[in-house]
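**Student:** In the numbering used here, the protein residues as written are 501 to 761. If you scroll down you'll find the structure; I have some questions about it.
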DNA sequence: ATGGCCGGCGGTGCCGGA
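Okay, here's the thing in structure tokens:
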């Protein structure tokens, strides 16, 4: 089973590219982030005509997540409140960043982790609070479903080898100590990075800034991940970054990452 | 040198992204 994750930076703007990619890469499951569209306006038909079942959780202009699956998914849930009580979740479900479903006994959780703006900002504190909630959410999930694939745009580069230039990273959003520690705390629940099972090199990125010709110079960050529970990690056959869509005209700033189980 | 470049929104500038 192949599970891909791709922050498309607007599904309506990227519709044709996603369609073309799926025709060339007929993955079993595609997890999308930053769809940036309300559910009634989501362009469902072209993807359904390709043979995918769509599960979407969006909002106007910002955020939004979706899962496309060749086989129907079971137990679809959106947001943290599907598992955690409302006093714990508070207003964190207002931004649409979490959708999950089950296929062949594998629970797939698709995440769009908050960006955080800049270290120390209000949005940064929101990001850290969101990650704390995510840990509770995943802890409860693991108690029920040990076969877990948590994927998406994490907006965190966990190690210096995941950044083209780690100089000054302590004060850079996506690489500060508190962000990395929050993610490490989550992984200690029993999750491991599928990509690093197969590739230990630096210079392997999933996002490149639109500005300053970052892509042709490979000045990127690896911030899109698949984290697998131990049983799935052992089974994983490959995990690859497909840079092809990033080379197109009007690309997303992220490119797909694919794990094969 | 701390910007550049995008997408969405709503109306031709600004916010958010990372």
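We treat Cβ as the ideally placed atom computed from N, Cα and C, and that holds for glycine. The structure presented is a predicted model; accordingly, all values stated were derived computationally and were not measured.
1. Please list, in chain order, all residues of the same chain as residue 763 whose beta carbon is under 8 Å from its beta carbon, the five residues on each side excluded.
2. Return the chain-ordered ranges of every beta strand (DSSP E) run that is complete within the region 551 to 637 and spans a minimum of 3 residues.
3. Since residue 576 and residue 566 should fall inside the 8 Å C-beta cutoff, what is the C-beta to C-beta distance between them, to a whole number of angstroms?
4. Excluding the five sequence neighbours on either side, which residues of its own chain have a C-beta within less than 7 Å of the C-beta of residue 617, listed in chain order?
5. Go through its chain and collect everything with a Cβ distance to residue 687's Cβ below 7 Å, but skip five positions before and after it.
6. Mind checking whether residue 535 and residue 558 have CB atoms under 8 Å apart?
7. Mind the definition here: the region 740 to 747 touches the region 654 to 669 only if three or more C-beta pairs lie below 8 Å; say whether that holds.
8. Helix, strand or coil: which one does DSSP assign to residue 700?
9. Which residue comes first and which comes last in the beta strand (DSSP E) that contains residue 733?
10. Within the continuous alpha helix (DSSP H) that includes residue 684, where are the two ends?
11. According to DSSP, is residue 743 part of a helix, a strand, or is it coil?
12. Which residue marks the beginning of the alpha helix (DSSP H) containing residue 535, and which one marks its end?
**Tutor:** Checking against the coordinates, here is how it stands:
1. Examination of residue 763 is not possible in this model, given that the chain is present from 501 through 761 alone.
2. 553 to 557, 565 to 569, 574 to 578, 598 to 603, 606 to 612
3. By 1-based counting over the first chain, the position of residue 576 is 76. By 1-based counting over the first chain, the position of residue 566 is 66. Contact doesn't hold; Cβ gap of about 11 Å is too wide.
4. The count along the first chain starts at 1 and reaches residue 617 at position 117. In its chain, beyond the 5 residues on either side, 623, 624, 673 have a beta carbon closer than 7 Å to the beta carbon of residue 617.
5. Stepping through the first chain from its first residue, residue 687 is reached at position 187. The answer, listed in chain order, is 727.
6. One-based indexing of the first chain puts residue 535 at position 35. One-based indexing of the first chain puts residue 558 at position 58. A contact, by the Cβ cut-off of 8 Å.
7. no
8. Reading the first chain from its first residue, position 200 is the one you call residue 700. Judged by DSSP in its simplified three-state form, residue 700 adopts coil rather than helix or strand.
9. Stepping through the first chain from its first residue, residue 733 is reached at position 233. It is not in any beta strand (DSSP E) - residue 733 instead sits in the alpha helix (DSSP H) that spans 730 to 735.
10. Against the first chain, residue 684 aligns to sequence position 184. Element bounds for residue 684: 677 to 687.
11. On the first chain, residue 743 is found 243 positions in, with the first residue counted as 1. Coil.
12. In the first chain, the residue the question calls residue 535 occupies position 35. Unbroken run through residue 535: none, as it is neither H nor E.
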